[in-house]
Every structure is written in C-alpha cells, then in structure tokens.
Amino acid sequence: MDSLTHALAAAIIAYSLGSPQFFPFAVIGAVIIDTDILFSLISDSHPSLYLFVHGGIAHSLAGAVVMSALAYTGITLAALAGLIDPAVLVRAGPAGFAAVLFGAFLHIAMDLPATPGIPLFAPKSDKKYALFILPGPSLFMLTVSLFFLIWLALGVVTLAEGMAAYAAILVAFLLVRFVAFLASRPALRGTMRAIPQVNPLRWLAISDSGYAWTVRDYRIGLGMTDPVNYPKYKNTSPEEVVPCLALPEVMRLRYYSYIVTAEKEGDTILFFDPLRVSGRLFYPPHFKQVRIAIGVCAPGG
4 MDSLTHALAA
14 AIIAYSLGSP
24 QFFPFAVIGA
34 VIIDTDILFS
44 LISDSHPSLY
54 LFVHGGIAHS
64 LAGAVVMSAL
74 AYTGITLAAL
84 AGLIDPAVLV
94 RAGPAGFAAV
104 LFGAFLHIAM
114 DLPATPGIPL
124 FAPKSDKKYA
134 LFILPGPSLF
144 MLTVSLFFLI
154 WLALGVVTLA
164 EGMAAYAAIL
174 VAFLLVRFVA
184 FLASRPALRG
194 TMRAIPQVNP
204 LRWLAISDSG
214 YAWTVRDYRI
224 GLGMTDPVNY
234 PKYKNTSPEE
244 VVPCLALPEV
254 MRLRYYSYIV
264 TAEKEGDTIL
274 FFDPLRVSGR
284 LFYPPHFKQV
294 RIAIGVCAPG
304 G
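Heads up: the sequence shown begins at 4 in this note's numbering, then just goes up one per residue.
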C-alpha cells in the first residue's frame, strides 16, 4: 500500500473509535515507516546495508518499534520547541506513544498481504514474509485516496461521509483480491510461489524443478500457460556459485529478487532475476543483476 492509503486507514480507525486526540499520532505512526525510502540515499552505495531500503528493516516488527520511538521523540521535541501546540501531547497523554505504535503496526499488517513481502524479523533474518494476496503498491487505492482528499478539501463530502465511503471502497478492494486469492488456490496448489498481478484474475506461478525455475501464467477461468524454464546455472555449477552467495552484492540481489539464476561469462558470474530483467515483473525496479569476478567468490578471494 502507498503511504497515503496507510495514513487514511489509520485516520479512519482513530475516527471510528471516537478518539480524536489520538488521530495525529496514529497517522504519523502509519506514515513514519515509509520514510525508509530515504535510507537508500546511503545504502545504495553500500551493499552490506541492503536492509536499509524501502520495504526493509523499518518494515520489521523491531523496526516499527524503533521508528515509532523516533517519531514520538520528534513530536515531543517539536512541542517543546513550540513548533506544535503542546496541548496535543497533553490531551493524548502517555497513550500517545501507543497510538503511534498502533499506526506503525497497522502499516506492517497492511503491507503483509502484498508482494514482494517484508522482513518481519529483521535484523535477525532478512527472510521476507508475504501472504501474496496483493501485487505490491496499488495505483487504484492511491487514486481513490487522492480523490478522497480532494473531495474533502473542496467540501464535496463531509469528514464522516468521506471516511465511510473510503472505508467501504478499501474493504471492497481487499475483499475482491481475497476472493480471487481463494479462487486461485486449487489450481496453484503445489507451486513454490504464486505472484498476484494487477489484474486480480492473473497470477505468475513459480515452481522449483531442481536445476531450473519453472514459470507459468495462470488466469482464473482459463488455466495455465505453457511453462518457461530458467536454468539456475548456465556454464557453471552450484559448487562454483555457492561461495558467492555470502557477498553483500549478491545478498542484496537475492533480497530484491523473486528468483535468481547464475551464468558464467569468462572469469565472471552474472547473477540476475530473469523475471525482473525481462520485465515480467516490474517491482522492485532496482538491483536486478550483479556481475561478480570468480576470484572474489573463492575462499580468501
């Protein structure tokens, strides 16, 4: 989900609970997680920091707590400096931090259904978790969120009417995707991973056949297309590739990728995600491939 949809979802829940004093805290908590997009300004140049990216460590359980603490500290300092009304903090009391934390965890919960997943237990593990119900960022919900704010600003709808309508659209959107997810399960049972597409009737089915990745398109009502095989190793072997997997550049590529193949070219090995390189999947758009000198992979290289 986009940041605007996260913010509006937190606002709707705070509003529906009749707790206006927690409204700004919950919204800030829901938005602060996505400020991790700024982390890339540093991590892009340092592969070992690959978890410090959008959808990285800030989108973990521990990251949500840290980001919430930073956000609440910022609110407190702003109040002490007179940049915001101190009464905002007084009205919320100590529960203000809990509201920020709620917004942050709501953000995590809303991102969990989407591909490519989030590292829930970072920094202990960089493994991504996803329910594979949503195809990443939703242009539809972003558009709805923008229209909602415009209508609200122009007075076309009242706050209560607008929030009710927005909540209904959000629930309907999630319900359609969930029903499509359930409808696809019988045909996709046995696949290693099923990637939802923008069209809720379409999925990309990935299977592991040992030495190759097998990829098919699946459409509800039409079935599977013929398979496309991507060999895991070309002109190389697992024994030659495995030592390279601990390199930060390769770890970053694997973190960004759905599948990774290795192809030896001269004295280098090209690691790449064939799905993203070929354009079959567009997100994440960065770090689709990396070329590593074989000597670097060797022990002591």
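Where is the CB? At the ideal position from N, CA and C, for every residue including glycine. Quick caveat: nothing in here was measured; it's all calculated off a predicted structure.
Three-way DSSP call (helix, strand, coil) for residue i in this model
| i | result |
| --- | --- |
| L64 | helix |
| Y258 | helix |
| M195 | coil |
| L137 | strand |
| A84 | coil |
| R283 | coil |
| V201 | coil |
| V69 | helix |
| V160 | coil |
| G304 | Confidence at G304 is low in this model, with a pLDDT of 49, below 50, so the placement of that residue should be treated as unreliable; the coordinate-derived value is given next. In the structure shown, G304 sits in coil (DSSP, three-state: anything other than H, G, I, E or B). |
| V293 | strand |
| L92 | helix |
| D276 | coil |
| L149 | helix |
| M144 | helix |
| L54 | coil |
| M113 | helix |
| P23 | helix |
| L44 | helix |
| L250 | coil |
| S212 | coil |
| D37 | helix |
| H9 | helix |
| G59 | coil |
| P126 | coil |
| M166 | helix |
| P189 | helix |
Member of the options whose CA lies at the smallest distance from the CA of residue i
| i | options | result |
| --- | --- | --- |
| P230 | A175, T38, T79 and L207 | L207 |
| A13 | F42, A101 and V93 | A101 |
| I15 | M166, G59, A33 and L64 | M166 |
| F42 | V34, G59 and W154 | G59 |
| P277 | N232, V245 and R255 | N232 |
| V182 | H57, K235 and I223 | I223 |
| P289 | S48, G32 and I35 | Reading off the sequence shown, one finds His at residue 289, where the question assumed Pro. Of S48, G32 and I35, the residue nearest in Cα terms is S48. |
| P119 | F285, T264 and F55 | F285 |
| S260 | P126, T161, T8 and V293 | V293 |
| A95 | A61, A17, L54 and I111 | A17 |
| P97 | T79, L109 and A112 | T79 |
| P199 | Y75, D220 and I172 | D220 |
8 Å contact criterion, which residue i and residue j should meet: CB distance rounded
| i | j | result |
| --- | --- | --- |
| I209 | I136 | Not a contact, Cβ separation roughly 16 Å. |
| I121 | D114 | 5 Å |
| L123 | S63 | 6 Å |
| P140 | D37 | Not a contact, Cβ separation roughly 11 Å. |
| R255 | P50 | 5 Å |
| E266 | K237 | 4 Å |
| A67 | A107 | 4 Å |
Those residues which DSSP pairs with residue i across a bridge
| i | result |
| --- | --- |
| D220 | L207 |
| E268 | T271 |
| Y236 | A265 |
| I121 | Y132 |
| V231 | V218 |
| G226 | R222 |
Residue i CB to nearest heavy atom of the ligand SAH below 7 Å
| i | result |
| --- | --- |
| L149 | Ligands in the displayed structure: none, and consequently the ligand SAH is not present. |
Open item on the list: Using a Cβ distance threshold of 8 Å, determine whether the region 65 to 72 contacts the region 262 to 278, with at least three qualifying pairs required.
Closed with: Taking 8 Å as the limit for Cβ pairs, the verdict is that the region 262 to 278 does not touch the region 65 to 72.
- [ ] Take every Cβ of the region 169 to 181, pair it with every Cβ of the region 233 to 252, and state whether three or more of those distances are shorter than 8 Å.
- [x] With fewer than three CB-CB distances shorter than 8 Å, the region 169 to 181 does not count as touching the region 233 to 252.
Open item on the list: Between the region 92 to 110 and the region 17 to 26, can you find at least three pairs of beta-carbon atoms closer than 8 Å?
Closed with: Touching, yes.
Open item on the list: Using a Cβ distance threshold of 8 Å, determine whether the region 151 to 161 contacts the region 84 to 95, with at least three qualifying pairs required.
Closed with: No, they do not touch.
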